[in-house]
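Read the structure below first, then the notes.
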Amino acid sequence: MPDSREYVFGPYAVDPARRVVTRNRQPLAVTARAFDVLVVLLEHAGETVDKDALLSLVWPDTIVEEANLSQQIFTIRKLLNHEDEPPCIVTVPRRGYRFVAPVTKRGIGRPTGARAASVPQPIAHAQLAIPIDPAIPLSTGPSAVVAISSDGSRIVFVAEDAGTRRLYLRPLDVFGATAVPGTEGASNPFFSPDGEWIGFQAGRQLQKVAVGGGLPLTLCEVADLRGACWTRSGTIIYAPGPATGLWLVQSTGGAAAPLTTLAFEQGERTHRWPHALPDGRGVIFTVGRAGAASFDEAALAVTEIGTPGHRLVVQHATDGRYLQDGHLVWARGGALLEAAFDLEARQVGGPARIVLDGVSMSATGVTHAACSDSGVLVHVPGEAQSLRRSLVAVNRAGTQVEAFTGGDSLEEPRMAPDGRSAIISLRNRTSDLWLYEFGRGSLGRLTFEGENFAGIWGPGDGTISFGSGGEGPSDIFTLQPDRSAPPERLVTSEHDKVPGAWSPGGATLVFTEYHPETGADIWVLERDAARVRPLVRTKFNEYAPVFSPDGRWIAYVSDESGRPEILVVSYPEAVGKRQLSTEGGTEPLWARDGTELFYRSGDRLMRVDMSRGPGDAGIPTTLFEGRYVPGTVTLANYDVAPNGAGFLMVVANTSPSPTAIRVTLGWRGSRVNQD
């Protein structure tokens with residue numbers, strides 16, 4: 056049956072059945088694809104239509120670049136936007152497009168075909184707001200902040216009371232929330248399938264506590280949790296750190312074991328935010344990649360407990376979870392999207408659509424929302440937090456003494472040997488290196504093409520080395536800050552490489568290479584011998600290498616123990632291996648005089664006395680603790696001042712604390728608009 060509807064807005068009319076667009080009853084010329092895109096936008100007038108949904112509806116059987124869609128939008132705007140008429144279509148950054156002109160539908164018939172399946176069928180829903188006490192604000196940082204029990208009867212959230220994070224439990228049929236005893240310092244809450252236990256992280260431990268009361272029980276150790284879930288088979292799946300694969304541990308505790316392995320050769324740098332599938336075997340999780348500007352460019356993958364490997368199922372998505380009505384829900388750009396999901400085939404089976412606008416998202420890819428099997432949605436209103444950060448100086452007590460420049464995804468500061476300037480990386484749509492001069496407060500761009508990252512000083516005075524890639528693997532280059540000569544390629548191979556540090560005098564560069572069979576390995580470039588050779592290459596991952604100031608030792612990160620730890624080996628023989636950290640560690644850096652080695656352990660900056668050499672290294676102690684942005688598997692995301700009196704750290708710019716948590720009853724099948 057042909058579609059008999061007609062859309063009228065201003066002087067325009069669109070007849071889908073006859074495929075005609077008119078203005079003041081005069082037909083306009085329009086291409087077939089542009090017409091199809093226009094009809095989809097009109098069908099969802101007033102709603103944000105996701106880019107992926109548009110692509111799948113207009114080009115259902117073809118893989119099409121996003122640029123093609125942009126061209127059709129340009130064509131439509133040129134067709135409809137006359138000088139005396141307001142715009143009909145607006146772009147919703149990082150998400151899609153919205154038809155904003157008032158639309159009247161004449162002769163509406165029931166839509167057919169693929170588009171009919173994509174039109175939301177609203178059902179009744181009710182909302183309630185749970186106000187948040189301003190004296191005990193929500194703690195919406197890099198971690199999950201809210202969870203709901205499977206039956207939808209209870210929610211748990213993280214809030215701060217006098218600077219201390221705790222879990223607060225709120226049954227939906229009771230007014231007011233109560234603090235859960237013993238959960239000081241908690242983050243990342245999640246319920247057991249029966250709703251009788253709450254899992255969470257506190258300090259460096261994954262713990263659980265009974266809803267009915269009692270002391271928390273420790274399950275295993277973690278570093279900086281990036282999500283956890285409790286399966287129906289009694290296993291807890293978790294991401295122990297920001298640059299790891301997933302691990303699993305029994306809900307009764309015991310030895311933890313790896314579940315997924317990062318595919319370094321495919322650009323994978325983190326697995327996080329796991330959510331269990333209802334069969335107790337499958338897990339949906341987020342895959343973050345190197346070079347991505349945000350987790351809007353991440354992907355969802357599925358893995359099976361007991362089966363090696365994982366498979367991508369949705370691109371441009373983060374924090375996905377399966378719903379009992381057969382849909383997969385995920386986040387992008389401050390909105391929740393959904394699509395039909397075949398649980399047996401483990402694949403998406405239809406176009407995506409936006410079901411909830413205005414959801415708070417952290418830059419780590421977590422969405423501050425949860426949904427129960429009974430159809431109750433709980434979320435923190437807000438938007439996607441940007442990765443805008445600032446560079447600050449702190450003393451050895453961790454007190455901020457000065458603030459410097461800021462920028463999108465500012466990371467990896469490296470102070471010049473004279474302390475007058477620092478290399479920083481700014482990542483937006485592309486990643487580039489910049490030079491910040493402390494005395495003048497000026498910021499000058501160093502790189503302009505490709506993806507440029509991991510800037511370090513050396514090999515000579517005033518020379519900078521860095522990683523750079525584009526279409527192929529990243530290689531290592533050098534340049535002069537004044538750009539008096541083009542960048543020079545130092546190391547090239549078929550695999551991605553990240554510079555670590557130069558030895559004193561610039562004779563040797565130690566760097567990380569990511570190999571498809573051995574993962575991350577440590578290599579050296581010996582300039583005098585004109586050779587490149589592996590230094591530490593095992594079946595485990597070894598990365599972030601740094602030379603000691605005397606050039607005799609190399610500290611690095613290894614996961615051979617099952618979690619990241621700081622190790623040291625001699626150079627050039629790579630013998631005398633010794634573990635320096637005791638409770639996990641990343642991002643090693645030496646003091647310029649070689650008497651101390653620093654590293655990160657969660658929110659703590661650790662110090663090891665190295666004055667008697669690695670063979671007689673001191674016991675690690677906490678120098679200070681603070682919520683500074685952690686690094687990745689490339690470089691440390693901080694630096695030591697040349698005189699050792701302080702540090703350059705990176706802080707995330709925070710958003711205002713939310714004032715309420717919203718609960719939506721019977722939300723399945725409806726579109727909840729927060730505009």
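For the sequence shown, my numbering assigns the number 56 to the initial residue and increments by one for each residue that follows. Ideal Cβ placement from N, Cα and C applies to all residues, glycine included. These figures come from a predicted structure and were not determined experimentally.
Specify the secondary structure class of residue i as computed by DSSP and reduced to three states.
{"i": "G196", "result": "coil"}
{"i": "N243", "result": "strand"}
{"i": "I360", "result": "coil"}
{"i": "K106", "result": "helix"}
{"i": "E98", "result": "helix"}
{"i": "T422", "result": "strand"}
{"i": "G168", "result": "Note that G168 scores a pLDDT of 37, beneath 50, so its modelled location is shaky and nothing firm can be said."}
{"i": "D463", "result": "strand"}
{"i": "S173", "result": "Since pLDDT at S173 reaches only 39, below the 50 mark, its modelled position is unreliable, and no value is offered."}
{"i": "A87", "result": "helix"}
{"i": "G650", "result": "Per the sequence presented here, residue 650 reads as Thr, with Gly not at that position. Coil, per DSSP."}
{"i": "N123", "result": "helix"}
{"i": "K594", "result": "coil"}
{"i": "L93", "result": "helix"}
{"i": "I210", "result": "strand"}
{"i": "F230", "result": "coil"}
{"i": "R132", "result": "helix"}
{"i": "Q535", "result": "coil"}
{"i": "E620", "result": "strand"}
State the beta-bridge partners of residue i as determined by DSSP.
{"i": "E642", "result": "Paired residues: none, contrary to the question."}
{"i": "E506", "result": "G524"}
{"i": "W302", "result": "Y293 and P313"}
{"i": "V431", "result": "L720"}
{"i": "W489", "result": "I479 and R500"}
{"i": "Q182", "result": "T719"}
{"i": "Y569", "result": "A575"}
Measuring straight from C-alpha to C-alpha, what distance separates residue i and residue j?
{"i": "P177", "j": "V431", "result": "At P177, the pLDDT of 35 sits below 50, so the modelled position is not reliable; the number obtained from the coordinates is stated separately. P177 and V431: Cα-Cα distance of roughly 15 angstroms."}
{"i": "A179", "j": "G453", "result": "Bear in mind that the predicted position of A179 carries a pLDDT of just 41, short of 50, making it too unreliable to give a figure here."}
{"i": "Y67", "j": "Q126", "result": "21 angstroms"}
{"i": "T518", "j": "G574", "result": "29 angstroms"}
{"i": "A318", "j": "D576", "result": "14 angstroms"}
{"i": "Y522", "j": "V623", "result": "Per the sequence presented here, residue 522 reads as Gly, with Tyr not at that position. Spanning the two alpha carbons is a distance of roughly 24 angstroms."}
{"i": "Y223", "j": "I187", "result": "11 angstroms"}
{"i": "D537", "j": "L112", "result": "50 angstroms"}
{"i": "V414", "j": "N123", "result": "29 angstroms"}
{"i": "D487", "j": "G510", "result": "9 angstroms"}
{"i": "V718", "j": "L378", "result": "17 angstroms"}
{"i": "P71", "j": "D105", "result": "21 angstroms"}
{"i": "A345", "j": "V63", "result": "46 angstroms"}
{"i": "R682", "j": "A540", "result": "40 angstroms"}
{"i": "E359", "j": "H550", "result": "28 angstroms"}
{"i": "L465", "j": "V85", "result": "44 angstroms"}
{"i": "G420", "j": "H99", "result": "27 angstroms"}
{"i": "P643", "j": "T689", "result": "11 angstroms"}
{"i": "G361", "j": "R336", "result": "8 angstroms"}
{"i": "L392", "j": "L411", "result": "7 angstroms"}
{"i": "V449", "j": "L703", "result": "7 angstroms"}
According to the neighbour-count rule (16 or more other Cβ atoms, all chains shown, within 10 Å of its Cβ), is residue i buried or exposed?
{"i": "P455", "result": "In the sequence on display, residue 455 carries Gln and not Pro. By the neighbour-count rule (16 or more Cβ atoms within 10 Å), Q455 is not buried but exposed."}
{"i": "E572", "result": "exposed"}
{"i": "F503", "result": "exposed"}
{"i": "K594", "result": "exposed"}
{"i": "K160", "result": "exposed"}
{"i": "A202", "result": "buried"}
{"i": "K133", "result": "exposed"}
{"i": "G555", "result": "buried"}
{"i": "N507", "result": "buried"}
{"i": "T637", "result": "exposed"}
{"i": "F129", "result": "exposed"}
{"i": "R73", "result": "exposed"}
{"i": "L367", "result": "exposed"}
{"i": "R387", "result": "buried"}
{"i": "E399", "result": "exposed"}
{"i": "S520", "result": "buried"}
{"i": "K552", "result": "buried"}
{"i": "H137", "result": "exposed"}
{"i": "D380", "result": "exposed"}
(request) Say whether the segment 256 to 264 touches the segment 210 to 219, bearing in mind that this needs 3 or more beta-carbon pairs closer than 8 angstroms, one atom from each stretch. (result) no
(request) Examine the Cβ distances between the segment 625 to 632 and the segment 602 to 615 and report whether three or more of them are shorter than 8 angstroms. (result) yes
(request) Could you tell me whether the segment 675 to 694 touches the segment 645 to 660, where touching means 3 or more Cβ pairs closer than 8 angstroms? (result) yes
(request) Decide yes or no for the touch test of the segment 325 to 344 against the segment 281 to 300: beta carbon pairs closer than 8 angstroms, at least 3 of them. (result) yes
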